[in-house]
Each structure stands twice: as C-alpha cells, then as structure tokens.
C-alpha cells in the first residue's frame, strides 16, 4: 500500500520483485506471491535555497514475476498486448490504493 503521511509519500511492502515459485501454508502454489508494484516518483528541485525537493508526479506500475520465463512482466503492457491479466492488475491496484493514495494524487503508470 502507498500513502502520504504528513506530506511525505510512504510505500509499504512493494511485494516480491523477483521471486521463485511461492507456496502457501498448505504447500499449494500461490501466485499472489509473485505480484508486486514499482513506485515511480518524479521530483522538482527546490525553488529557493533551504527548501525541499517536491514530488510532482506519483505513480505505481503493477507487475508480475513470470516464474516460467524468469522475468518481470509489466501488467499494463501485457494487457495491452492481449494477455488475460486484468484481474491480477486490478487486485494489485486495489491493494496499492487501499490507504487513500489516489486522493493524494497517486496514479497507475504505464
């Protein structure tokens, strides 16, 4: 999940960026362990000496680690190319935005 705390963006648990096959407590393959998001923040320098840098754009990019291919998949790009991964992408989006980050300007990047 992402949120803004006292004007500062905080990212909690981005997920497993590159992981092997994940299993649950019963030993059954659990593909959720290979779902994650990358945070992408664009900054602008301070206008005057002593001021802080400011985030001008806050984004997240949902992704999936394809265990068989051994690579990270950009879910938005894969969906654009016809992959049936919309439910996975939407689940990641819901978790990322679960602490109100959309109201503070976080958007899903490409």
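Numbering (the working numbering), first residue to last: 10 to 119.
From the three backbone atoms N, C-alpha and C, an ideal C-beta is built for every residue, glycine too.
Counting only unbroken stretches of 3 or more residues, the beta strand (DSSP E) elements lying wholly within the stretch 13–89 are 17–20, 44–53, 63–75, 80–83, in sequence order.
Residue 74 and residue 46 have their C-alpha atoms spaced approximately 11 Å apart. Counting along the chain, the unbroken beta strand (DSSP E) around residue 115 starts and ends at 115–117.
When only Cα atoms are considered, residue 42 and residue 84 end up about 15 Å apart.
Residue 87 sits buried, since 16 or more C-beta atoms from the chains shown fall within 10 Å of its C-beta. Residue 38 and residue 32 have their C-alpha atoms roughly 4 Å apart.
In this structure, residue 10 sits away from residue 67, with a CB-CB distance that is not shorter than 9 Å. A straight-line Cα-Cα distance of about 33 Å links residue 19 and residue 36. In the assembly as shown, residue 105 is a buried residue. Its beta-carbon has 16 or more other beta-carbons within 10 Å.
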